[in-house]
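Chemist: Next up is a structure, given as structure tokens.
Numbering (this note's numbering), first residue to last: 5 to 131.
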């Protein structure tokens, strides 16, 4: 299910929808859609940009990702592994490629007390 254009509260209670929207966001370089899925405070690490924040706002993380997508436009995104440590904590490893660089994407997605799945950690590591 593609969820573009909806507010985060409208669709983030279903993990499969969140994973699909993350995939769409990376494939299209859509940082605005991606930022809707981020927790209020998110850990964001992007090695290639010397970005290392333990807790920044989802909105700020979205702006940083917009710059990342501008510098490294998407050519390919695909999940390599998805798992969970409980029904409320999911994690994913994905591969992201631009025309000249390949990255590993590590995501930790947690279910909040409001029953929403949100990205709590996103690490972008150059391969």
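All residues carry an ideal CB built from backbone N, CA and C; glycine is no exception.
No experiment lies behind these values; they were computed from the predicted model shown.
1) By alpha-carbon positions, which one of 109, 118, 120 ends up nearest to residue 31?
2) Suppose the cutoff is 8 Å on Cβ atoms and the five residues either side in sequence are ignored; what does the same chain contact list for residue 119 look like?
3) Reducing DSSP to helix, strand and coil, say where residue 104 ends up.
4) Need the endpoints of the beta strand (DSSP E) that residue 41 sits in, please.
5) Going straight from the alpha carbon of residue 19 to that of residue 121, what length do you get?
6) Got a sec? Which residues, its chain only, sit under 8 Å from residue 114 by beta carbon, not counting five neighbours each side?
7) Residue 49 bridges to which residues according to DSSP?
8) Counting along the chain, where does the alpha helix (DSSP H) carrying residue 19 start and finish?
9) With DSSP collapsed to three states, give me the class of residue 75.
10) Pull up the distance between the alpha-carbon of residue 100 and that of residue 51, whole angstroms please.
11) DSSP three-state label for residue 87, please.
Modeler: So, from the data block:
1) 109
2) 17
3) coil
4) No beta strand (DSSP E) contains residue 41, which DSSP labels as neither H nor E.
5) 6 Å
6) 43, 92, 93, 94, 121, 122, 124
7) 56, 127
8) 19-32
9) helix
10) 14 Å
11) strand
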